[in-house]
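For reference, the structure discussed in these notes is given below.
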Amino acid sequence: MADDTFSPDALPTAEELSRAAGIEVDAEDGSRVTFGSLVEGQKTIVVFIRHFHCCVCQDFITQLGGVREEALHAAGISLLVIGCGERSVIPEYRETTGYKYPIYADPTKQLYVTLGMTKRTLAATPKGEERKGYVRTGYLQYAIRGALQGPLSHPLSYIKAGDIQQLGGEFVFEPGMNCTFVSRMKHTADHMDVKDLMAKAGVEYP
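Residues in the sequence shown are numbered from -17 upward in steps of one, following our numbering.
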């Protein structure tokens, strides 16, 4: 998908899914695995975040971490997160968010682009649009927090955290690399609310 054909909810084509399956991502332990190996065998919720130092995404991931393991197991679903920075930032990201499920890195953003996350922006929630439930403060407060915990206190990890204009999204895959649901971000605070994502995937929440 090119930038001029960006869609927040169009399902990837068979060709795009085939290409995505072969793209390698970095695991936290330094190994490289194909995206297909992560999602082909089991129903899977995949969340693509922005850069690892995005405070808005951090609040979303903290909330996502509240999904119970028993609920995922009962639904036969796995849950994973992919960021566009380097894998070396993942341990710090876990410490910040308290997130316990698998996290991978796609620093080349090849997977992001292949799955249609081609829109790049720093825009916040548009005027008149209701803020998502995970958004705890205003844009200015997030900017201050981001500066304090990013370039001012962790400059080395900040430069490895990923493209600050990259947007993410939420995907649901059925076994066999079959994508059944997509919600791509349109601005920097546009992750799907966790309760709605879990309802769409068939997972009890909270």
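No residue lacks a Cβ here, since even glycine has one placed at the ideal position from N, Cα and C.
- For the pair of segments examined, the region 60 to 67 was found not to touch the region 108 to 122: the number of CB pairs separated by less than 8 Å stays below three.
- Between threonine 107 and the set His169, Lys177, Phe(-12) and Leu(-1), the nearest pair of CA atoms involves His169.
- The region 151 to 160 and the region 35 to 45 do not touch, with fewer than 3 CB-CB distances between them shorter than 8 Å.
- As computed with DSSP, glutamate 156 is found in a beta bridge with Asn160.
- The C-beta distance from alanine 3 to glutamate 22 rounds to 7 Å, short enough to meet the 8 Å contact threshold.
- Glutamate 152 is classed as buried because its beta carbon has at least 16 other beta carbons within 10 Å across all chains shown.
- The C-beta distance from lysine 101 to leucine 149 rounds to 5 Å, short enough to fall under 8 Å.
- Counting along the chain, phenylalanine 42 sits inside the alpha helix (DSSP H) bounded by residues 37 to 46.
- For aspartate 178, there is no enclosing beta strand (DSSP E); the residue is found in the alpha helix (DSSP H) stretching over 176 to 183.
- Checking the DSSP bridge columns, you'll see threonine 16 partnered with Glu6.
- The three-state secondary structure of isoleucine 85, taken from DSSP, is strand.
- Note that the C-beta distance between tyrosine 75 and isoleucine 85 is below 9 Å.
- Contact check for glutamate 186 against alanine 87 fails: the beta carbons are separated by 9 Å or more.
- Judged by DSSP in its simplified three-state form, arginine 69 adopts helix.
- Cβ neighbours of glutamine 92 within its own chain (closer than 7 Å, five residues either side excluded): Ile5.
- Per DSSP, reduced to three states, the secondary structure at valine 117 is coil, with no helix or strand assignment.
- Look at valine 28 here: in three-state DSSP terms it is strand.
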